[in-house]
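Asks: Attaching a single structure in structure tokens format; questions to follow.
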Amino acid sequence: MALIVQKYGGTSVGSPERIKKVARKVKSFREQGDDVVVVVSAMSGETNRLLDLARFIHPQARGRELDVILATGEQVTIGLLALALEKVGCPARSYTGAQVPIQTDSAFNKARILSIGEERIRQDLSKGRIVVVAGFQGVDGQGNITTLGRGGSDTTAVALAAALKADECQIYTDVDGVYTTDPRVVNDARRLDRISFEEMLEMASLGSKVLQIRSVEFAGKYNVPLRVLSSFEEGPGTLITVEDEIMEQALISGIAFSRDEAQLTMTGVPDHPGVAYKIIGAVSDLNIEVDMIVQNVGSDGTTDFSFTVHRNDYQSALEALQHAAAELGAREIYGNPRIAKISLVGVGMRSHAGIASKMFEILGSEGINILMISTSEIKISVILDEKYLELAVRALHEAFELAKPPAGVTNSVAC
Ligand code: ADP
Ligand code: ASP
Ligand code: MG
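Take a look at the structure:
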């Protein structure tokens, strides 16, 4: 008998029929003798609807009251799933984040989980009940409702699996695993049998939203066996695990991309110590995260300074930069909110040179201009005009032959 934490995403609970289907699936695990804790998201589109509603009332809606609103989506689905389970003969109990309790800090809209109370869950399990927990939400030390950031139900599931020392955390979604790239963009993207925590963390951080970044961090830190599977069809899915257990020694595991980027550039900046701090400091003071940074020294002794931010922060960053430019006596500022980032990810890159040059060659041969570049041991990222995104992802996927399993490995290995 195993203890399994299962998470069903928005599409998987997107209609009453689908909720009934989830109940039957959960029941089949119960019938095998497993204890099951289920985490659910809001019905697909619901969190966006709630966000729009809040912004209609107040265009800058954020903080405590926004979380009160957003958390309602998951409260509906836990109740519906618990009812559906009762209906198919499985005793069940639903819990909001505060009822569990899932204790978080007070960073509304992006709270971090601090601890999880296991007692009520354990009691229910011992009575043979299925426990249904609302994803994406928690409660802070003052009893305020908090939410964990978009896609946060993944993190709820992994954190619960870690706290309960579950045998596996299963993330059921609308694709049957983690692919070499988003299968909605590249038709022949290949499902990976396994991927390391480290690579999955890079993929998630660089734009593959199949798992929320923090869920992968948690799983790596607490060594939670994590699997991504389809809600709609049977199959082994993708196991996210430690590097030693990966049998595919691919050079590149996947291509991640993000459309959420914007670029800002300040030119003719006097080349003095402390200038970078003045520019980036002005942006960070607004709590805006800066991603890639590039500085070039020109022949006239001034520098050009470029960096990227999330597209939602573009306007605020631009305003902060205008003040900094006036103070520094910079020549001009310009920005581009229509850029995208593409990243090649793979632990195999550590031991191979020449991947960056091949990437640049492929993009060049497609006539795609690279605006910025950044590299680390296991990834290479480039910024380009958003209109080339799909073309670039497909060209790279093909040129690096990611549709083919690495030599000596078939797609049915392990699991
Ligand atoms: P859920 O609502 O179940 O949490 P998400 O929409 O958050 O589902 O995540 C699943 C989606 O992630 C897929 O529909 C797919 O388009 C997207 N995706 C992006 N990159 C990848 C990838 N490398 N592998 C699989 N899916 C990916
Ligand atoms: N419902 C939340 C969202 O749409 C959390 C989640 O689905 O994981 O972001
Ligand atoms: Mg998700």
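Take the sequence shown: its position 307, counted from the start at 1, is 809 in the numbering used here, and no numbers get skipped. All C-beta atoms, glycine included, are put in the ideal place defined by N, C-alpha and C. Fair warning: this is a prediction, and the values are worked out from it, not measured in the lab.
What does the Cβ neighbour count give for K906, buried or exposed, with the cut at 16 atoms within 10 Å?
Replies: With fewer than 16 other Cβ atoms within 10 Å, it is exposed.
Asks: Quick check: the segment 863 to 870 against the segment 679 to 689, are at least 3 beta-carbon pairs closer than 8 angstroms?
Replies: Judged by Cβ distances under 8 angstroms, the segment 679 to 689 makes no contact with the segment 863 to 870, as fewer than three pairs qualify.
Asks: Counting C-beta neighbours from all protein chains within 10 Å, is the total for G776 16 or more, i.e. buried, or is it exposed?
Replies: With fewer than 16 Cβ atoms within 10 Å of its Cβ, G776 is classed as exposed.
Asks: Is the closest heavy atom of the ligand ASP to the C-beta of G722 under 8 angstroms?
Replies: Checking every heavy atom of the ligand ASP against the Cβ of G722, none is found closer than 8 angstroms.
Asks: Run the CB neighbour count on I841, radius 10 Å, all protein chains shown included, and call it buried at 16 or more, exposed below.
Replies: Label assigned to I841: buried.
Asks: Starting from D762 and walking both ways along the beta strand (DSSP E), at which residues does that stretch end?
Replies: It spans 756 to 772 - the beta strand (DSSP E) in which D762 sits, taken as one unbroken run.
Asks: Taking the beta strand (DSSP E) that N838 belongs to, which residues open and close that run?
Replies: Run containing N838: 834 to 847, per the beta strand (DSSP E) assignment.
Asks: Give the DSSP bridge partners of I472, in chain order.
Replies: It is not possible to answer for residue 472, since the shown part of the chain is limited to 503 through 917.
Asks: By the DSSP assignment, the beta strand (DSSP E) with D806 in it spans what residues?
Replies: Per DSSP, D806 belongs to the beta strand (DSSP E) from 804 to 812.
Asks: Restricting to Cα atoms, I'd like to know which of D607, I844, I880 is closest to I872.
Replies: Selected option, being the one with the closest Cα: I844.
Asks: Between which two residues does the alpha helix (DSSP H) containing D554 stretch?
Replies: Its alpha helix (DSSP H) spans residues 548 to 559.
Asks: Can you tell me whether E533 is helix, strand or coil according to DSSP?
Replies: If DSSP states are grouped into helix, strand and coil, E533 belongs with the helices.
Asks: Over what stretch of residues does the alpha helix (DSSP H) that includes I632 continue unbroken?
Replies: Premise fails: I632 lies in the beta strand (DSSP E), 632 to 636, not in any alpha helix (DSSP H).
Asks: State the DSSP-derived secondary structure class of R686, mapped to helix, strand or coil.
Replies: In this structure, R686 counts as coil in the three-state DSSP scheme.
Asks: Using DSSP bridges, identify the partner residues of Q639.
Replies: Per DSSP, T649.
Asks: Should S710 be counted as a contact of the ligand MG given a C-beta to heavy atom distance under 8 angstroms?
Replies: Outside the cutoff, so no.
Asks: Here's the rule I'm using: 16 or more other beta-carbon atoms within 10 Å means buried, otherwise exposed. How should Q919 be labelled?
Replies: The structure shown does not extend to residue 919, since the chain spans only 503 to 917, so no value can be given for it.
Asks: Measuring from the CB of A752, is there a heavy atom of the ligand ADP at a distance below 8 angstroms?
Replies: Not under cutoff, so the answer is no.
Asks: Tell me whether Q714 counts as near the ligand MG, meaning its Cβ is closer than 8 angstroms to at least one heavy atom of that ligand.
Replies: Q714: yes, Cβ under 8 angstroms from the ligand MG.
Asks: Buried or exposed: L787, going by 16 or more other Cβ atoms within 10 Å of its Cβ?
Replies: This sequence places Asp at residue 787; Leu is not what is there. It counts as exposed.
Asks: What's the gap between the Cα of Q644 and the Cα of Q605?
Replies: Cα-Cα distance, rounded: 10 angstroms.
Asks: Tell me whether T606 sits in a helix, a strand or coil according to DSSP, three-state version.
Replies: Note: T606 maps to strand in three-state DSSP.
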